[in-house]
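Residue numbers (the working numbering): 1 to 117.
Read the structure below first, then the notes.
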């Protein structure tokens with residue numbers, strides 16, 4: 001039977017790999033992937049914590065439980081901050097790109113200033 005620790009460690013690894021993949025490709029794709037990954041990560045963490053620490057099970061707190069609780073708290077805290085930063089950064093980069101594209105387009109439409117003299 002697969003242990004809870006193996007499931008937890010494997011899922012955390014996959015989530016981290018997903019975040020890295022999105023962060024690297026975030027400028028080429030729509031940043032909505034960040035909110036989708038963030039949503040499902042929080043759903044997974046919530047379900048795992050409810051399943052692991054349900055009130056119908058006998059109360060016992062092991063080293064693995066300490067690892068799960070700390071990892072879940074840190075992961076939710078850090079991803080909230082990182083997602084907010086990345087989304088605002090992408091928004092600013094898009095606005096800057098539109099501004100630069102507009103200036104180039106305007107200069108191109110005017111033609112070569114040397115030819116107009």
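Glycine is no exception: its CB is placed at the ideal position from the N, C-alpha and C atoms.
- The beta carbon of residue 5 sits closer than 6 angstroms to the beta carbons of 64 from its chain, once the five residues preceding and following it are set aside; these are given in chain order.
- Non-local beta-carbon contacts of residue 18 in its own chain, meaning distances under 8 angstroms to residues more than five positions away in sequence, involve 37 in chain order.
- DSSP places residue 54 in the coil class of the three-state scheme, outside both helix and strand.
- Looking at the backbone, the Cα of residue 83 and that of residue 66 are separated by about 25 angstroms.
- A residue is called buried when at least 16 other Cβ atoms come within 10 angstroms of its Cβ; residue 68 meets this threshold and is buried.
- Excluding five sequence positions before and after residue 47, none of the CB atoms of its chain fall closer than 7 angstroms to its own CB.
- Separation of residue 15 and residue 43 (C-alpha to C-alpha, rounded to the nearest whole angstrom) is 12 angstroms.
- Closest in C-alpha terms to residue 71, from the list 2, 3, 12 and 92, comes 12.
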